[in-house]
Amino acid sequence: MAEFITEQIRNIAVLGHSGAGKSSLIEALLYRAKAITQKGRVDRGTNHADFTAQEQSHHHSLEPSFLNLDFNQHHINLIDTPGLPDLFGRALQPLPGVESVLLVINAASGIETITHRAFEAARTQGKVVLIAINHIDGNQGKLPELLDDIQTKFGARCLPVNLPAVSLDEVVDCYLHCSSEADSQSEPLFHSAITARDELVDTVLEEDEALMELYLEQGEQLSPEQLHEPLEVALRMGHLVPVCFTSAESDVGIDALLEVMTKLLPNPLEANPPQFVNGFGDAMVPVDVTQKASDHVLAHVFSVSIDPFFGRTGVMRLYQGTMTIGMKLFIGEGRKSVKVTHLFKLQGDKHVGVPRAVPGDIIALAKVDELEVGAVLHDSHDEDKFHLPEVSLPQPIFGLAVTPKRRGDEHKIAEVLNKLVVEDPSLNLSSSSFGNSSLGNSSLGNRDTLGQTVLQGQGELHLQIAIEKAHDLFHVDMDTDKPAVAYRETITEVAQARYRHKKQSGGSGQFGEVEIRIEPLPRGAGFEFISKVVGGSVPGQYISAVEKGVKEAMLHGQVAGFPMQDIRVSLLDGKHHSVDSKEVAFVMAGKKAFADAVDQAAPVILEPIVEMKICISSEHVGDITGDISARRGMVCGTSAMDEQKIEVSVEAPLASVDDYSTRLKSMTGGDGQFSMAFSHYDVTPEHVQRQLVIDTRE
Ligand SMILES: Nc1nc2c(ncn2[C@@H]2O[C@H](COP(=O)(O)OP(=O)(O)OP(=O)(O)O)[C@@H](O)[C@H]2O)c(=O)[nH]1
Ligand SMILES: [Mg+2]
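Under numbering that gives the first Met the number 0, the first residue of the sequence shown is numbered 0, with each subsequent residue one higher.
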């Protein structure tokens, strides 16, 4: 591999909806640049980006993969990403490591869910976006309409840098070497190439008044070289989104795309630099990276893969300094250094060893167990607290309870699931039933979910793929089931009870007597214990024993055995015996008095209520709101996201929407999306309580 400098590097993540042709396009680019000797095909499982057995059997990309090519003295790092909606979290993972996003759109299907989400994510993170309209072969008639649609949805700033010739066997350049001879080849499908060029130049000139004046006064044609700086400004500000046309099948537009990547897309020094910060919490201050080869080493890990053979491989973007074999690096605030023994460029499944890496490059480090997504590697303790703010990933909305098929595999399963979560931060492991910390925090004992490991992710497919991987790669088998909903119980009235625990068996006995009052607390308040004992009727050392007994009783409510919450318990009075009073006697008395009081305090079952935001096309709004009402949910409002998309805000009991991922897919043909977050607990309607009581008795 040739040596290169930072200015020659381009880092490009390829995003877009499944089937857009991202992996095929990468294959065509690699082949054209002679980085591979044979052009593989996704449908035959021979393309280089989809190299895992799982990807080859699914015929879809399932995780980010890293490829690179050298073309015209440039080194281009390409990151392929999955386009399946369930795997969008994985598609977002490489964004911190790149300057540019190539957003691929299938000309036959037009703008799809992931096209939208990827465009928004890329711009929110300040990435330069280049759009490729792929599958142009066979879809000629649809192209002008699609370009209009792109401009309507993503802004008039989306301008073609080439146009397909009417024959569809080539593309006509509109910017870099636009000529009058080729001018009319794109007509009547599109404008002439020169008209398209003028539009582009006008947009670029808006970034540079002096150049604009020169252009207007002298009527001079400006060369792409003269326009380079304002073009880069327009790209990084998002004022210009170049559009090009390709066919990964017939290789049309592949040369042109390579040229656009090398001549228009920014090198690492020209893009919006990532905002590193030093320190945490209130002490956090922004710091700028220098991107100098001679500076301290600073690298950020944005992807980690764990393979039974290769071990842990971290893919990182080098921001500063030169990384070399043999060098010792620190990871975050770790005191112990790690030695760089294996430094690689990844080419699909191939690890190609390199002796060094320069700033701006994407490289991999293998066999370092401490590597995690977000880790920062550096060679001086000055940078111990440097890090990049975390990329926000979609919240997990779907969970499966997992149990080992074989007894005794619990430990192995936990280990493998943890590996999967390290690789894919959009997965989540929880021992609560849903909504990770939001519900997890309120779990007091958790009778219904105790011991249940729940794997959470974006949808059924996301989790199915993870479980399949655990089986294929790590040879663990799991049973999966719908996770239990974390029901709770509480009381609705004030009650008082007195209980005497007395036991005389042979020698010394047990004696403890308590009187308590219980009262409902506001929702979410948890548990309070107050002692109002006067005159030492319950001696100080036994008061905490009473509290312990009450807490034990609260683990299993009396309606259906769910943990209890939102209750204040006041210890009012009691009796003790100078010989027979012991801690255990007061624990028992507390427990029984509490149970007797709950009996008289009209106990009820509480259920978790979630807030949901459902984003759908306007034609589905009626179906969705009707369905939500039928599921005991409440529509709180709707708002228009753009001309076609509506966001419906909803509150619903978790129990009736815990299969919503599958439900929404079937109601909208896969077009809808939703997010879900825990809101609060509410009293479960009586008929549902009755059913829960029957269910728990069975
Ligand atoms: N006719 C035609 N077929 C294409 C083109 N690009 C890709 N395909 C085919 O479309 C199918 C999907 O292509 P992929 O490259 O796997 O699409 P992807 O965007 O990587 O899809 P995911 O990995 O699921 O996100 C494959 O069968 C390709 O052979 C194209 O330009 N023209
Ligand atoms: Mg793919």
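Just so it is clear, CB atoms sit at the ideal spot from N, CA and C, and this is done for glycine as well.
How many Å lie between G439 and V484 at the Cα? Interpretation of G439 is limited by its pLDDT of 31, a score under 50 that renders its predicted location unreliable; the figure taken from the coordinates is listed afterwards. So the two alpha carbons sit approximately 12 Å from each other.
Residue ranges of each beta strand (DSSP E) within the region 615-679, 3 or longer: Counting whole runs of 3 or more residues, the region 615-679 contains the beta strand (DSSP E) stretches 633-639 and 644-652.
May I have the straight-line CA-CA distance separating G703 from S336, to the nearest angstrom? A query on residue 703 cannot be resolved here, the shown segment of the chain reaching from 0 to 697 and no further.
Sort G373, D378 and S304 by Cα distance to K338 and report the nearest one. D378
D368 in three-state terms, based on DSSP: coil
Can you name, in chain order, every residue of its own chain whose Cβ lies under 6 Å from the Cβ of L14, other than the five neighbours on each side? T80, A90, V100, L102 and A117
Got a sec: does ligand 2 put a non-hydrogen atom nearer than 8 Å to the Cβ of A12? no
Taking the C-alpha atoms as reference points, what is the distance between V276 and D287? Looking at the two C-alpha atoms, the distance is approximately 8 Å.
State yes or no: is the C-beta of I75 within less than 9 Å of the C-beta of T245? no
Within the present structure, is the beta-carbon of H59 separated from the nearest heavy atom of ligand 3 by less than 8 Å? With respect to ligand 3, the structure shown offers nothing to examine, as its ligands consist of ligand 1 and ligand 2.
Enumerated in chain order, which unbroken segments of the alpha helix (DSSP H) with a length of 4 residues or greater are wholly contained in the region 285-335? none
For the region 382-431, which segments carrying the alpha helix (DSSP H) assignment without a break, of at least 4 residues, lie completely within its bounds, in sequence order? Within the region 382-431, the complete alpha helix (DSSP H) runs of at least 4 residues fall at 409-422.
Give every residue of the same chain whose Cβ lies closer than 7 Å to the Cβ of A639, excluding the five residues on either side of it in the sequence, and list them in chain order. I645
With distances taken between CB atoms, is the gap from L387 to V375 smaller than 9 Å? yes
So, are the CB atoms of E169 and V251 less than 9 Å apart? Contact annotation: E169 and V251 have beta-carbon atoms nearer than 9 Å.
Check whether the Cβ atoms of G668 and P84 lie closer than 9 Å to each other. no
Could you give the C-beta distance for L297 and P265, rounded to a whole number, given that I count them as a contact under 8 Å? Their Cβ separation, rounded to whole angstroms, is 20 Å, which puts L297 and P265 out of contact at 8 Å.
Would you identify the three-state DSSP class for N445, choosing helix, strand or coil? Model confidence at N445 stands at a pLDDT of 32, short of 50, so the residue's coordinates are unreliable; what they give is reported in the following sentence. Residue state for N445 is assigned as coil, using DSSP reduced to three classes.
Does ligand 1 have even one heavy atom less than 8 Å from the beta-carbon of E205? no
State yes or no: is the C-beta of H461 within less than 9 Å of the C-beta of L426? yes
Taking the straight line between their C-alpha atoms, what separation do you get for D254 and Y174? 14 Å
Only counting the same chain, and skipping five residues up and downstream in sequence, which positions put a Cβ closer than 6 Å to that of L68? Here the set comprises L29, A32, A34 and I75.
Residue range of the unbroken alpha helix (DSSP H) whose run includes G82: Here G82 belongs to no alpha helix (DSSP H), and DSSP marks it neither H nor E.
Does L570 come out as helix, strand or coil in the three-state DSSP assignment? strand
Do you know how far the Cα of D565 is from the Cα of L239? 55 Å
Whole-angstrom C-beta distance between I613 and K561, which should lie under 8 Å: Position check: residue 561 holds Phe in this sequence, whereas Lys was assumed. Contact doesn't hold; Cβ gap of about 29 Å is too wide.
With which residues is I113 paired in a DSSP beta bridge? Paired residues: none, contrary to the question.
Alpha carbon to alpha carbon, how far is S569 from R516? Give it in angstroms, no decimals. 5 Å
Nearest to F308 by alpha carbon, out of I627, D383 and L472? L472
Contact between the region 148-158 and the region 266-273 is defined here as three or more beta-carbon pairs at a separation below 8 Å; is this criterion met? Too few Cβ pairs lie closer than 8 Å, so no.
At the level of alpha carbons, what is the spacing between S678 and P607? Roughly 7 Å separates the two Cα atoms.
Coarse secondary structure for L129, derived from DSSP in three states: Of the three classes helix, strand and coil, the one that applies to L129 here is strand, per DSSP.
Assuming contact is defined by CB atoms lying nearer than 9 Å, are T489 and V603 in contact in what I supplied? yes
Would you kindly report the start and end of the unbroken alpha helix (DSSP H) that includes K590? E582 to D598
Let me know the secondary structure DSSP gives S179 once reduced to three states. coil
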